[in-house]
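Chains as they are written, first to last, in my numbering: chain A, 508 to 755; chain B, 379 to 602.
Structure first, commentary second.
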């Protein structure tokens, strides 16, 4: 298929940037979206032009690196997939595809489609872990009884790959689905309960500090999340945060 | 709890709690207004009670005013903060693919409700405060000895322009509640196990209550 791509080009963090049109031809419908971008970049390199910078790593939907906003949606029009899992069969010959970086004040553009998502790392550092002595006397985690329901819910929350699609999709650029998932995956397990009060308070404080917007429950994040992280995690974080503040 | 209400989640709770209070107030307001359709006497009695009973006037009314002002002011503050969280907007944003129009435009339905409230205050609340607390007439009576409340209500719904404005305002209230009702429960951490029932109940509330207010306005317009 032949396509017209409208791509955000920005030379660096301080460059103003603009949308630039490109034509690509003979794109197979079996290609992934990133493979189509590879074709474009090869074309640009052959023409002596600067290739489009974009994040990618595993290309199998688990690393959370790819981060494009395609035709007005994070990771494009398909559901439950990252950009690397998005196939060109979702588009048709002659389509005009708009490709932009994830936009949020807390995700500044580094170059073209690459954004700095280290704000997520700082939120994780604020409490997204459990403190365990790993000197060799650590108890086997499987020795602690955990209900199937709690284990499933914790696992569902833990599937968040921190790609930032929730922030990109939210009209308020809120990070509450990401933080809700990270809070939930520990709050649901006995190992995580020990530091639950400090965790939720510190992670929410860091989230607010990073300049993300406030959640207004539109639900866009849940729909666009490639891992299907549920809004229930935000509700759980809200409960955890209230009880943490009451206990304090 | 220090700093709770300054945090993003604390503000969600505060918005939700003020919303719960306002939604209960709307039910109470409707319960009294609907009396005007079935029994002018009962409407007069209830209005006089609400307008003169000390607990309503000096406890509930100030809480209501605070709730209304807080909900609007915090709504505007959060909207400004949220807009500043995305410095550059998207060239193409397909919001309709992942969220409802109502949820994305709460600020506009809220502004329409604010405009209505100003009209409503000019129509009813300011004359009421003037009569009771400036002129000092707490009797609630007209010169002929009847209660004035039903008379004042029907008089306001003569103008088709005002009735039209009320109807439009209640449509916006319905749109606001369509998202606001279930959103308030989500904000206070209601479990998703109750999500479906809450959404169904919320939609019923968001449609039936404003529709009830519209029916009352139209009833008085076409019967007086």
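Even for Gly, the Cβ is constructed at its ideal location relative to N, Cα and C.
Just so we're clear, the structure is a prediction, and the values are computed from it rather than from any experiment.
{"Item": "Would you give the residue range spanned by the alpha helix (DSSP H) that residue 540 of chain B belongs to?", "Value": "538–565"}
{"Item": "Return yes when the Cβ of residue 579 of chain A is within less than 8 Å of the Cβ of residue 605 of chain A, no when it is not.", "Value": "yes"}
{"Item": "Can you give me the start and stop residues for the beta strand (DSSP E) that residue 530 of chain A sits inside?", "Value": "525–531"}
{"Item": "Suppose contacts are defined by Cβ-Cβ distances below 8 Å. Is residue 519 of chain B in contact with residue 525 of chain B by that definition?", "Value": "yes"}
{"Item": "Under a three-way DSSP split, which group does residue 574 of chain A fall into?", "Value": "coil"}
{"Item": "Is residue 552 of chain B close to chain A? Criterion is C-beta to C-beta, closer than 8 Å.", "Value": "no"}
{"Item": "What does residue 525 of chain B touch in chain A if you count any residue whose Cβ is under 9 Å from its own?", "Value": "Near residue 525 of chain B there are no residues of chain A at all, since even the closest Cβ is about 43 Å away, more than 9 Å."}
{"Item": "Taking C-alpha atoms, which residue in B/544, B/466, B/582 and B/543 lies nearest to residue 405 of chain B?", "Value": "B/582"}
{"Item": "For the ligand NAD, I want to know if residue 742 of chain A counts as a neighbour, meaning its beta carbon is within less than 7 Å of at least one of the ligand's heavy atoms.", "Value": "Ligands displayed in this structure: none; no statement on the ligand NAD is therefore possible."}
{"Item": "Comparing C-alpha positions only, which one of A/626, A/643 and A/673 sits nearest to residue 735 of chain A?", "Value": "A/673"}
{"Item": "Based on Cα-Cα distance, which residue from A/554, A/599, A/754 and A/603 lies nearest to residue 470 of chain B?", "Value": "A/603"}
{"Item": "Looking at the strands, I want to know which residues DSSP matches up with residue 516 of chain A.", "Value": "A/525"}
{"Item": "Can you list the beta strand (DSSP E) stretches of 3 or more residues lying completely in the segment 571–622 of chain A, in chain order?", "Value": "575–577, 603–608 and 616–618"}
{"Item": "Determine the chain B residues that contact residue 709 of chain A at a beta-carbon separation under 7 Å, and present them in chain order.", "Value": "In chain order: nothing, as chain B lies at least about 12 Å away."}
{"Item": "Given residue 547 of chain B, which residues of its chain have a CB within under 6 Å of its CB, disregarding the five upstream and five downstream residues?", "Value": "494"}
{"Item": "With H, G and I counted as helix, E and B as strand and the rest as coil, what does DSSP make of residue 481 of chain B?", "Value": "helix"}
{"Item": "Provide the residue span of the alpha helix (DSSP H) that contains residue 581 of chain B, from first to last.", "Value": "573–601"}
{"Item": "Taking the DSSP output, what are the residues bridged to residue 525 of chain B?", "Value": "B/519"}
{"Item": "Under 7 Å, CB to CB, which of the residues in the segment 385–396 of chain B have a partner in chain A?", "Value": "385, 386, 387, 389, 390 and 391"}
{"Item": "Is there at least one Cβ from chain A nearer than 8 Å to residue 580 of chain B's Cβ?", "Value": "no"}
{"Item": "With three or more C-beta pairs closer than 8 Å as the rule, is the segment 589–598 of chain A touching the segment 516–523 of chain A?", "Value": "no"}
{"Item": "Output the boundary residues of the alpha helix (DSSP H) element that contains residue 508 of chain A.", "Value": "Note, residue 508 of chain A: premise wrong, no alpha helix (DSSP H); not H, not E."}
{"Item": "Using the beta-carbon of each residue, which ones in chain B are nearer than 7 Å to residue 678 of chain A?", "Value": "473 and 482"}
{"Item": "Round the Cβ separation of residue 527 of chain B and residue 425 of chain B to the nearest angstrom and send it over; I've been treating them as touching at under 8 Å.", "Value": "4 Å"}
{"Item": "Any C-beta of chain B sitting closer than 8 Å to the C-beta of residue 748 of chain A?", "Value": "yes"}
{"Item": "When we look at the beta-carbon of residue 509 of chain A and count the other beta-carbons within 10 Å, is it buried (16 or more) or exposed?", "Value": "exposed"}
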